[in-house]
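**Q** Protein chains in written order, with our numbering: chain A, 48 to 389; chain B, 101 to 395; chain C, 1277 to 1508; chain D, 15 to 287; chain E, 102 to 468.
We put the CB at the ideal spot given by N, CA and C, even for glycine.
Given the structure is predicted, the values throughout are model-derived calculations rather than measurements.
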Amino acid sequence: MKKKMVHIPMPWRYVINAAAIAVIFLIFMVLSSAGVITNYYSKILMLIGINMILAVSLNLATGYLGQLPLGHAGFMAVGAYASGIFMRTASGLPTGLAVLLSIIIAAVVAGIFGFLIGIPALRLKGDYLAIITLGFGEIIRVVLLNIDSVLGFNFTYGAASLKNIPKTTTFTVTFLCVVVVCFFIHTMMKSRQGRAILSIRENEIAAESCGIKTTYYKTMAFVASAAFAGVAGSLYAGYLGILNPANFGFMKSIEILVMVVLGGMGSMIGSLLSATVLSALPEMLRAFSDYRMVAYSLLLILVMIFKPSGLMGTYDFSFTRLFGGLLGKKTGDSTVGKESGE
Amino acid sequence: MSVLSTVVSQFINGLQSGSVYALIALGYSMVYGIIMLLNFAHGDIIMVGAYLVWITMSILGLPPAVGIIAAIVGCALLGVFIEKIAYTPLRKSPRLSLLITAIGVSFFLQNVAQLIMGAGSKTMPTIVSGPNVRLGSVNLSFVAIVTIVVALVSMAVLTILVQKTKMGKAMRAVSEDMGAAQLMGISVNKTISFTFAIGSALAGIGAVLYSCAYPQASPTMGGMLGLKAFVAAVLGGIGSIPGAMIGGFAIGVLEAFVSAVGLSVWKEGVVFAILILVLLIKPTGIMGREIKEKV
Amino acid sequence: MLTVKDINVFYGPIHAIKGVSFEVKAGEVVALIGANGAGKSTILKTVSGLLHPKTGSIEFDGEDISKVDPHKIVKKGLAHVPEGRRIFLRMTVMENLEMGAFTQKSLRDDDLERIFERFPRLKERRRQIAGTLSGGEQQMLAMGRALMSRPKLLMLDEPSMGLAPILVEQIFEIIEELNKSGTTILLVEQNAGMALEVANRAYVLETGHITLSGTGEELMCSEEVRKAYLGG
Amino acid sequence: MSKRDIREPFIPERDKGLTPTIECIGLGIDFGGLTAVDDFNFTLGRTEIGGLIGPNGAGKTTVFNLLTKVYQPTRGQMLLLGRDTKDMTTADANCAGIARTFQNIRLFKDLTVLENVLIGLHNEIHYTLPEAIFRLPRYWHAEKVARERAIDLLSIFNMQDMADDIAGSLPYGAQRRLEIVRALATNPTLLLLDEPAAGMNPSETAELMETIRHIRDMFKISILLIEHDMNLVMGICEGIAVLNYGRLIAKGTPEEIKNDPNVIEAYLGKKEC
Amino acid sequence: GGKDKDSSIKVGLLGCITGDYAQYGVAVFNGAKLYINKVNAEGGINGKKIELIEYDDKGDSTEAVNAFTRMVDNDGITALIGSVLSGASIAVVGEAYPIGMPVISASATAAAFTYNEETDTVYSNAFRVCFIDPFQGEKMAQFAAEKLDAKTAAVIYETGNDYAVGLKDAFVKECAEQGITVVADEGYSKGDKDFRSQLTNIAAKEPDVVFSPNYYEDDGMIVTQARQVGVTATFLGGDGWARVTEYASAADLEGSYYCSSYAASSTDAIKEFEAEYAEAYNGEAPSMFAALGYDAAVVLVDALKAAEAKKLKAGTDDYKAAVIDAMKNTSSVGVTSKYSFDEFNNPIKDAVIIKVENGNEVFAQMF
Ligand SMILES: Nc1ncnc2c1ncn2[C@@H]1O[C@H](COP(=O)(O)OP(=O)(O)OP(=O)(O)O)[C@@H](O)[C@H]1O
Ligand SMILES: Nc1ncnc2c1ncn2[C@@H]1O[C@H](COP(=O)(O)OP(=O)(O)OP(=O)(O)O)[C@@H](O)[C@H]1O
Ligand SMILES: [Mg+2]
Ligand SMILES: [Mg+2]
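1. Take Y359/E as the anchor and find which of V324/E, V330/E, S190/E, L135/E has the nearest alpha-carbon.
2. Nearest-angstrom Cα distance between G158/A and S130/A?
3. Ordered along the chain, which non-local residues of its own chain (more than five positions away) have a Cβ less than 6 angstroms from that of T33/D?
4. Classify Y283/A as buried or exposed, calling it buried when 16 or more other Cβ atoms lie within 10 Å of its own Cβ.
5. Against chain A, with Cβ distances strictly below 8 angstroms, would M198/E count as a contact?
6. Any residues in the segment 1278-1298 of chain C with a beta carbon nearer than 9 angstroms to a beta carbon of chain D? Which ones, in chain order?
7. Kindly say whether S197/B, judged by its beta-carbon, lies nearer than 8 angstroms to any beta-carbon of chain E.
8. Taking G96/A as the reference, give the member of E302/A, T219/A, I186/A, I247/A with the closest Cα.
9. Give the single residue among A123/E, V127/E, T119/E, G132/E whose Cα lies nearest to the Cα of A392/E.
10. Residues in the same chain with beta-carbon distance under 6 angstroms from G388/A, minus the five sequence neighbours each way, listed in chain order, please.
11. Looking at the strands, I want to know which residues DSSP matches up with T358/E.
12. Any beta carbon of chain C sitting closer than 8 angstroms to that of M284/B?
13. Taking 8 angstroms as the CB-CB limit, is T1322/C close to chain B?
14. What is the residue span of the alpha helix (DSSP H) that F54/D lies within?
15. Going straight from the alpha carbon of I118/E to that of V120/B, what length do you get?
16. Between F45/D and ligand 2, is the CB less than 7 angstroms from at least one heavy atom?
17. Using a Cβ-Cβ cutoff of 8 angstroms, what residues of the segment 238-271 of chain B are near chain E? List them in chain order.
18. By Cβ distance, which residues of its chain are closer than 7 angstroms to N383/E, with the 5 residues on each side in sequence left out?
19. What in chain A is Cβ-close to N211/B, meaning under 7 angstroms?
20. Hey, would you say the C-beta of S1317/C is under 7 angstroms away from at least one heavy atom of ligand 3?
21. Kindly indicate which three-state DSSP category N217/E falls into: helix, strand or coil?
22. So which residues touch the region around ligand 4, with touch meaning a C-beta under 7 angstroms from any heavy atom?
23. I want to check one thing, is the minimum distance from the CB of I212/A to the heavy atoms of ligand 1 below 7 angstroms?
24. Mind checking if P329/A is an interface residue toward chain B, Cβ cutoff 8 angstroms exclusive?
25. Taking the runs of the beta strand (DSSP E) that are 3 residues or longer, which of them lie wholly in the segment 1315-1378 of chain C?
26. State buried or exposed for C1497/C, treating a residue as buried only when at least 16 other CB atoms are found within 10 Å of its CB.
27. Is it the case that the CB of A50/D approaches a heavy atom of ligand 2 more closely than 7 angstroms?
28. Is there a Cβ of chain D sitting closer than 8 angstroms to that of Y1505/C, yes or no?
29. Going by DSSP, what residue range makes up the beta strand (DSSP E) through S89/A?
30. Mark G394/E as exposed unless 16 or more other C-beta atoms lie within 10 angstroms of its C-beta, in which case mark it buried.
31. Across which residues does DSSP place N239/B in a beta bridge pair?
32. Where does G343/B sit, in a helix, a strand or coil, going by DSSP?
33. Report buried or exposed for T291/B, applying the criterion of at least 16 other Cβ atoms within 10 angstroms of its Cβ.
34. Does DSSP classify E27/D as helix, strand or coil?
35. Leaving out the 5 sequence neighbours to the left and right, which residues in its chain are closer than 6 angstroms to V273/E when beta-carbon positions are compared?
36. Among all the DSSP beta bridges, which residues are the ones paired with N461/E?
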């Protein structure tokens, strides 16, 4: 099992990563200006991006922290509405600034909700945490749906939908958000704080005995997870231009969970991959029309039966490892990433 | 109508829908108890049960008794079949994988039902009928009485089954430690299949009762029902039979009164808020036993 | 009573048991000793059917049981006290004992009495949730539970682990006693000294192979065994 | 019970003038109707190696759980370096200097050996979350220092080569040793070891004994251990306390304990060890 | 088959044919396809066949937008029939309006589908053949006052459903105008099957009429349970009531009224349509949604004919503009009505009032 580790020295790792990301981005830009990526494909790509953020953010709470929240769509909803309401009133601001602000507002508001919900919810464990977060998610949806008719103001517009949100989400914005969110989560997980989060997943009592304030770190991971879901919500608001509470029901939370588990718990690359597959799959299956959802569900069952640990297990991909591999030497990140024994 | 009789009527309304929740929650709870699986497909088994009643009675024109048996037996078989095909291969896998498989099965049943039966709902034939009973100024419908009685009887039978029989003992042992249970001479496969059969048969009974009260069957009817039953099971203390019962009735009555005081819009919110409150006060549900991990 | 012939056992790609053969005759106490990870527990698990050998045969009472499910093997009169005890943590002590009698027609009070006599601590704690018992108490419960099925062959996996010296002694006394009253015993132990003392015969296991065998006394005097397992 | 003052450490003359590491005064805990530990009076000096023995179910692990605040005592008081520990949580107790291993191993099984130790070092590493996310110099520096320290600690047990192995895949003995390293990483003043030699063969046990002594000398800390292996207990403990049914029945040097008739009856058994 | 691009006119057909509201989507699809197939069988338009690009949106706005964009980018449609649900349709219009794509919906009843109130813009490219929500609510309130002499009314509606909410709001508003007191206002959530609690409350208020502006499956259940808990009032509903007789007993429904664009078997055209539909779809009887799907196709095909007559090339902007223009000035005759559009692109047609008698939904009057 022993691996010989050859580390690519630090500054180079950054350069390689940054360059790889830039290259991917440039390829997309070139393809889209060449008309290969049509409006349709770029829409799908944005959706994939949004789902990627949702998946990696839930992965933080599920894969890394080891909890099972079933109300992730609630945080997305809070972020989406916060951002949507802001954007509707922010027409005076330059677009770039307004978008940036809207994303930050969404993250902060969703984060606050994450905190308020996390404090009670995290006292519970396992399936009880699952159900309590499910409950909070549903409460958020019900409130968004009914708050206007009860309090008599025009705020979320309930069932009639929050309309006329400027459609500011572009491929570039989405791409940047995905990169930033992944970067945040990645660097966080490779710090002492990240290790504390992992230790809670592994064994809470032992973590406490190592002097880790588990409540604090659980809340931290939960809030971060919620805030990033808020970012996804903000992008979604600017993507669709119209928000309805029905889009953020329990099934949406399940959908995100499916992405995380299918990708492999605790594997960021797995989340990214399965978010891609699962967002693109319904589009690819369009031709099947009636049989589309049957095919989708069968696929879900089959993948789980034949690859129960998810597509990527707990494997984490890194550009530098790939790069090192191409150079014929093995490099390893000895913290978060670990290879599952395939 | 006097206030009191309105309250009593609302209470009966709640008990009736609560009975159905309780039955479904029981099945949920049993399956959860044995393999720690939140069986999301449980609600959809009810849907299949309802269609089975519809097919036997409306298409084949057979009498209600046949419809009832078809639903119960059909659901039990379906439950065992699902367990064998989709859950057995995953017995040693992470629990979440199993959960996702269950979600997949749920989607699958819904969509296949839609393909076969069509998207719209089918109107159920009358399964039981009888005279309404008047208790003072309160009107008790026959269906309500039947529903509540059947639920209570099922519960009692189940309690005896789990506490007094060998199979019940085996179920408890398997739920704790499959390996050790085998070493006691317990057949794990048989026990799990049996649990699924019973749980799903309960879903079948639930389907019949549900069809009596709300005579429509549609491919997506299981989703919300399943979710509410799940909430009921957790509220009562998942894994506990009386807990599922209490949880089911509690949710039914709660919903009835929330709607009655004009807050029906917030019904789901209130139900979940109560659930959250209960869990915060008693983290394992009303009847759940707390097991502290020994360090 | 038990004849194991040339079995090979795998954990996925890991070849844990490599062509092991041994036998246990009726009325014997046979010990299996060996270092950590040698494969002792694996052998017991294979015999009781929790694992199945890839090749080779296991005969119990003249029947091949190498492909039989564990619950059927138990019914044939073989009990296994597994490593780590594996008692039912959420059940009470009493319920655990009842589980032990699962293969019996009914729970017999005299069985229960005998076990309480041997382990008075269990009687005291009858109603306690087994998960909250101390380590030693759990070990007693595990043995008591296995005895409830009135086994012909009892397999014990490190019964002395974590027990107070006085209890270790007691456990070995009980083993001898059980053996005298007709139970055949296959014993796996780290505590090689004690094990060899009670064993009629013993086998030494090293990384999946049997390297030595003989009577308890022979092995006790063997230079290799003394060095490796008895601390010089 | 020996005539020694219950408030005194085993070797009062060694750490004269220093507050003892730990002082328990009438500590007790009930579980429902069951009194698991009662009237537990115990003092451990600054660099002592103490042993806690007693029959199974006597309450030894429970004492550890009380000391580490996993359980809150029903009655009595506990002073850590003279400080009352009343309102502490498990994490606080660790920060205040108590580290432990577990009777049933509790490693971070899916993480590497190095990560296990780094988590132990958690409170020894100082940088904020933003510093970590933006990878500021303090992050690099602190991580580097921590890694070096972790490797140093691992090398006490000669485990530095296993740094990148997954903890759960280690042999049993190595897992026990890793737990000790992780506990040491939290920079304790008191190290609690719950049956450290369980599952080890005699030669491994002998090695462990040496290492425990070495740790005490190197870190100048006190160690309290639970063990049923009398060779180990009698070999390294400077003082031994014996519990039975939750109560102290004897306290003294290994020699005294070995010959205490109460202890022989309740715990050791008639045979000589 | 896009080998010969000029030989076909590509039209998108979008709606929920899976999911919770699939029955409406399937009906609209069936109705629309029935007419398009008929046109194709008769040789198409100008010798060109109409090629339908059908996509499911599950009733989800996101899916609807994606599917629509795909139709535009990959399939190159010239016009769209859809979507089915209001929410999805509004989302689609947001995409279709800037690119001038003609859209006609059979069932998007929300006013916002063709008119953006906040910005005061009419989506000039979007049309519908169904009534808008407020229209039906107003009609039924007027009907209750004028024809039924109602003095008190109660409402029960699905709160999360913009259709039900829209009808109910308009009804309550109009009641105030008409001097009817609304004595009970009860809501329920999607998926609810038990309405006894709300109905028990309504029963206690003894209103003259109960307005239940929901979809027929719920309405059927509501009426049934209402009678069980002792509500004796006359039930009123919107066009969502069509086929309600399959979901409640004749006795319970007797004397209820609803407003619709479609009365089964009420005219020769409808009878003919019913026969064709039954032949095409295993003897199934068409619902109002099917009829409206058919009508949407009729209006669109007429507009396509107009564009073809101008010798424009399908898919071009001019062609689309011509289709929009033709629809705006349409005088098509569908199964349910003759069509023309008002300034908000809503159809100008009278409501049909349907009365339930002996378990049949019979045409009562135009109102
Ligand atoms: N579930 C498993 N998966 C993979 N390998 C395993 C598993 N269980 C045991 N092994 C491996 O098989 C070999 C034999 O293990 P076994 O538990 O039988 O040893 P043992 O002799 O009982 O050791 P100990 O004294 O530690 O109990 C070891 O190398 C072990 O790592
Ligand atoms: N959480 C608990 N609830 C109830 N009883 C408990 C709990 N924890 C421990 N006990 C009881 O307290 C007593 C002491 O247990 P403890 O684990 O401390 O024993 P121990 O001395 O460590 O024994 P061993 O040497 O076997 O590990 C036991 O009888 C045990 O059953
Ligand atoms: Mg072993
Ligand atoms: Mg202990």
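**A** Result, derived from the coordinates:
1. On the fifth sequence, position 258 is the one that residue 359/E refers to. For the residues V324/E, V330/E, S190/E, L135/E, the minimum Cα distance to Y359/E belongs to V324/E.
2. In the first sequence, residue 158/A corresponds to position 111, counting from 1. In the first sequence, residue 130/A corresponds to position 83, counting from 1. Between the alpha carbons of G158/A and S130/A lies a gap of roughly 13 angstroms.
3. Walking along the fourth sequence from the start, residue 33/D turns up at place 19. The answer, listed in chain order, is L95, G96.
4. Here residue 283/A is taken as the residue at index 236 of the first sequence, counted from 1. With 16 or more other Cβ atoms within 10 Å, it is buried.
5. Within the fifth sequence, residue 198/E is the residue found at index 97, counting from 1. With the sequence shown as reference, residue 198/E is identified as Tyr, and Met is not the correct amino acid for it. Answer no: the Cβ-Cβ gap between Y198/E and chain A never drops below 8 angstroms.
6. Under the 9 angstroms Cβ criterion, the segment 1278-1298 of chain C contributes no residue.
7. To locate residue 197/B, count along the second sequence from 1; it is residue 97. When Cβ-Cβ separations below 8 angstroms define contact, S197/B makes no contact with chain E.
8. The residue labelled residue 96/A in the question sits at position 49 within the first sequence. Measuring from the Cα of G96/A, the nearest candidate turns out to be T219/A.
9. In the fifth sequence, residue 392/E corresponds to position 291, counting from 1. With respect to the C-alpha of A392/E, the residue from A123/E, V127/E, T119/E, G132/E having the closest C-alpha is G132/E.
10. Residue mapping note: residue 388/A aligns to position 341 of the first sequence, counting from 1. For G388/A, the predicted model reports a pLDDT of 30, less than 50, meaning its position is unreliable and no value from the coordinates is stated.
11. Position 257 of the fifth sequence, counted from the start, is the residue given in the question as residue 358/E. Here residue 358/E is Tyr; the residue named in the question, Thr, does not match the sequence. Partner(s): L337/E, K456/E.
12. Reading the second sequence from its first residue, position 184 is the one you call residue 284/B. For M284/B, the nearest beta carbon of chain C is closer than 8 angstroms to its own beta carbon.
13. On the third sequence, residue 1322/C is found 46 positions in, with the first residue counted as 1. No, T1322/C does not count as interfacial toward chain B.
14. Looking up residue 54/D in the fourth sequence gives position 40. No alpha helix (DSSP H) contains F54/D, which is instead part of the beta strand (DSSP E) from 48-58.
15. Position 17 of the fifth sequence, counted from the start, is the residue given in the question as residue 118/E. Position 20 of the second sequence, counted from the start, is the residue given in the question as residue 120/B. Within the model, the alpha-carbon separation for I118/E versus V120/B is close to 30 angstroms.
16. Your numbering for residue 45/D matches position 31 in the fourth sequence. F45/D has its Cβ nearer than 7 angstroms to a heavy atom of ligand 2.
17. Residues of the segment 238-271 of chain B that bring their beta carbon within less than 8 angstroms of a beta carbon in chain E comprise N239, S241, in sequence order.
18. Taking the fifth sequence and counting its residues from 1, the one referred to as residue 383/E is at position 282. So no residue of the chain qualifies.
19. By 1-based counting over the second sequence, the position of residue 211/B is 111. Correct list: M340, V341, S344.
20. Position 41 of the third sequence, counted from the first residue, corresponds to residue 1317/C. At least one heavy atom of ligand 3 sits closer than 7 angstroms to the Cβ of S1317/C.
21. The residue you call residue 217/E lines up with position 116 of the fifth sequence. It is a strand residue.
22. Answer in sequence order: S1410/C, G1411/C, K74/D, T75/D, Q117/D, D208/D, E209/D, I240/D.
23. Counted from its first residue, the first sequence places residue 212/A at position 165. Taken from the Cβ of I212/A, every heavy atom of ligand 1 lies 7 angstroms or farther away.
24. Looking up residue 329/A in the first sequence gives position 282. Not closer than 8 angstroms to any Cβ of chain B, the Cβ of P329/A fails to qualify, so no.
25. Listed in chain order, they are 1331-1336, 1354-1357.
26. For the purposes of this step, residue 1497/C is identified with residue 221 of the third sequence, where counting begins at 1. C1497/C counts as exposed, since fewer than 16 other C-beta atoms from the protein chains shown sit within 10 angstroms of its C-beta.
27. Counting from one through the fourth sequence, the residue named residue 50/D turns up at place 36. The answer is yes for A50/D.
28. For the purposes of this step, residue 1505/C is identified with residue 229 of the third sequence, where counting begins at 1. By the rule that beta-carbons nearer than 8 angstroms mark a contact, Y1505/C touches chain D.
29. For the purposes of this step, residue 89/A is taken as the residue at position 42 of the first sequence. It is not in any beta strand (DSSP E) - S89/A instead sits in the alpha helix (DSSP H) that spans 86-106.
30. Within the fifth sequence, residue 394/E is the residue found at index 293, counting from 1. Buried.
31. In the second sequence, residue 239/B corresponds to position 139, counting from 1. Secondary-structure assignment with DSSP links N239/B through a beta bridge to R234/B.
32. Within the second sequence, numbered from 1, the residue matching residue 343/B stands at position 243. Looking at G343/B - three-state DSSP - the assignment turns out to be helix.
33. Locating residue 291/B in the second sequence gives position 191, where the first residue counts as 1. Using a 10 angstroms sphere on the CB of T291/B, the tally of other CB atoms reaches 16 or more, which defines it as buried.
34. Taking the first residue of the fourth sequence as 1, we reach residue 27/D at position 13. Three-state result, E27/D: coil.
35. Stepping through the fifth sequence from its first residue, residue 273/E is reached at position 172. So the list reads V283, once near-sequence residues are dropped.
36. The residue labelled residue 461/E in the question sits at position 360 within the fifth sequence. For N461/E, which the question treats as bridged, DSSP gives the partners E458/E.
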